[in-house]
Amino acid sequence: MTELAATERALMTALNTIREHWDALVEPLLDASASVGTEPVTGGKASLTATEARISLRYETILCLNSWARIVVEDRHLTHALPLGHDALGLAILLERHAGWLSGHEAGPEASRELSSMAARVKDSAEGNRSAKIQVGRCPETVWVDGDTMGRCAGNLWATIRFEEAMLPKAVVCDGPDAHSWAPHEWAALGRRVSPVEGTETVA
Ligand SMILES: [Zn+2]
8 MTELAATERA LMTALNTIRE HWDALVEPLL DASASVGTEP VTGGKASLTA TEARISLRYE
68 TILCLNSWAR IVVEDRHLTH ALPLGHDALG LAILLERHAG WLSGHEAGPE ASRELSSMAA
128 RVKDSAEGNR SAKIQVGRCP ETVWVDGDTM GRCAGNLWAT IRFEEAMLPK AVVCDGPDAH
188 SWAPHEWAAL GRRVSPVEGT ETVA
């Protein structure tokens with residue numbers, strides 16, 4: 008694939024991802040997305056912050072789409088059926104229609120990089136709305152501390168559940184520096200080592 012074709016394809020993929028996940032960014036946040044477990048329940052405050060982050064991501068995405076669309080409109084002297092400056096879907100469709108031209112523009116690679124990173128953030132935020140992160144307990148693994156002493160991993164264990172995936176997490180992971188993780192077939196053994204209450208777990 009030529010560099011031009013690769014840029015065009017990256018642009019199309021990014022714009023498609025933004026369009027596909029845009030609606031989810033306006034959905035109200037699910038209460039279940041707030042963390043549960045031994046953390047203090049700060050539901051109201053946490054979801055407000057998440058909502059604010061989402062509004063700011065929408066605004067940033069619109070600005071990004073708008074600035075690239077403006078280059079297309081101005082350089083190509085487009086005058087018909089132009090989307091409004093805040094119409095994310097309309098702007099994305101316009102950019103898709105001119106992705107071939109934009110990929111050949113001197114700023115094409117930059118457009119592709121910027122829109123791809125925007126698309127990844129939109130996708131993450133949209134998918135986050137359909138998942139819940141549940142604290143399972145403290146990580147039971149033993150790790151090296153200070154080079155020559157062994158100690159218990161300081162991480163907490165988390166299971167991320169996506170609502171469209173039959174409510175079963177893919178893995179249980181620890182948020183410590185070693186990012187320990189357990190696949191489904193290891194959960195039974197893990198369950199015997201973890202206590203959800205701080206300080207009472209058994210170290211195997
Ligand atoms: Zn760990």
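The sequence shown runs 8 to 211 under the working numbering. Don't be surprised by glycine CBs; every beta carbon is placed ideally from N, CA and C. Bear in mind that the values here come from a model prediction, so they are computed numbers and not experimental data.
I need the straight-line Cα distance from residue i to residue j, nearest angstrom please.
{"i": "Leu-32", "j": "Asp-155", "result": "48 Å"}
{"i": "Thr-20", "j": "Trp-108", "result": "15 Å"}
{"i": "Ala-88", "j": "Gly-198", "result": "59 Å"}
{"i": "Glu-27", "j": "Arg-159", "result": "43 Å"}
{"i": "Ala-95", "j": "Asn-73", "result": "8 Å"}
{"i": "Pro-184", "j": "Ile-62", "result": "31 Å"}
{"i": "Pro-47", "j": "Lys-130", "result": "Any reading at Pro-47 must be qualified, since the residue scores a pLDDT of 38, below 50, and its modelled position is unreliable; the value itself is stated next. When rounded, the distance between both Cα atoms is 28 Å."}
{"i": "Trp-194", "j": "Ile-168", "result": "15 Å"}
{"i": "Arg-77", "j": "Ala-57", "result": "30 Å"}
{"i": "Ile-25", "j": "His-187", "result": "32 Å"}
{"i": "Arg-83", "j": "Ile-141", "result": "50 Å"}
{"i": "Ala-41", "j": "Ile-69", "result": "Residue confidence for Ala-41 is low, a pLDDT of 44 falling below 50, so the modelled location carries little weight; the figure read from the coordinates is stated next. Computed Cα separation, rounded: 27 Å."}
{"i": "Asn-4", "j": "Val-143", "result": "What is shown of the chain runs 8 to 211, which leaves residue 4 out entirely."}
{"i": "Gly-92", "j": "Ala-60", "result": "21 Å"}
{"i": "Val-79", "j": "Ala-106", "result": "9 Å"}
Starting from residue i, trace the alpha helix (DSSP H) both ways and give me its first and last residue.
{"i": "Thr-14", "result": "10-29"}
{"i": "Gly-198", "result": "194-200"}
{"i": "Gly-97", "result": "95-104"}
Would you decide whether residue i is buried or exposed? Buried here means 16 or more other CB atoms lie within 10 Å of its CB.
{"i": "Pro-191", "result": "exposed"}
{"i": "Ala-178", "result": "exposed"}
{"i": "Ser-110", "result": "buried"}
{"i": "Gly-113", "result": "Before going further, note that residue 113 is Glu rather than Gly in the sequence given. Exposed, since its Cβ has fewer than 16 Cβ neighbours within 10 Å."}
{"i": "Glu-15", "result": "buried"}
{"i": "Gly-135", "result": "buried"}
{"i": "Ala-196", "result": "exposed"}
{"i": "Leu-11", "result": "exposed"}
Return the first residue and the last residue of the beta strand (DSSP E) that residue i is part of.
{"i": "Val-180", "result": "179-181"}
{"i": "Val-129", "result": "No beta strand (DSSP E) contains Val-129, which is instead part of the alpha helix (DSSP H) from 115-135."}
{"i": "Thr-86", "result": "Where Thr-86 is concerned, there is no enclosing beta strand (DSSP E), given that its DSSP letter is neither H nor E."}
{"i": "Gly-162", "result": "Note, Gly-162: premise wrong, no beta strand (DSSP E); not H, not E."}
{"i": "Val-150", "result": "149-152"}
My assumption, with CB atoms under 8 Å, is that residue i sits in contact with residue j. Please give the rounded CB distance.
{"i": "Arg-104", "j": "Leu-64", "result": "Not quite, the Cβ-Cβ distance comes to about 24 Å (not below 8 Å), so this is no contact."}
{"i": "Trp-75", "j": "Ala-118", "result": "5 Å"}
{"i": "Leu-101", "j": "Pro-90", "result": "6 Å"}
{"i": "Ala-99", "j": "Leu-22", "result": "5 Å"}
Inset, instruction - Taking 5 Å as the limit, tell me which residues put their C-beta closer than that to any heavy atom of ligand 3, in chain order. - result: Of the ligands this structure carries, namely ligand 1, none is ligand 3.
Legend entry - Inter-stretch contact (C-beta, 8 Å, three-pair minimum) for the stretch 143-151 and the stretch 117-129: Output reads no: the stretch 117-129 does not touch the stretch 143-151.
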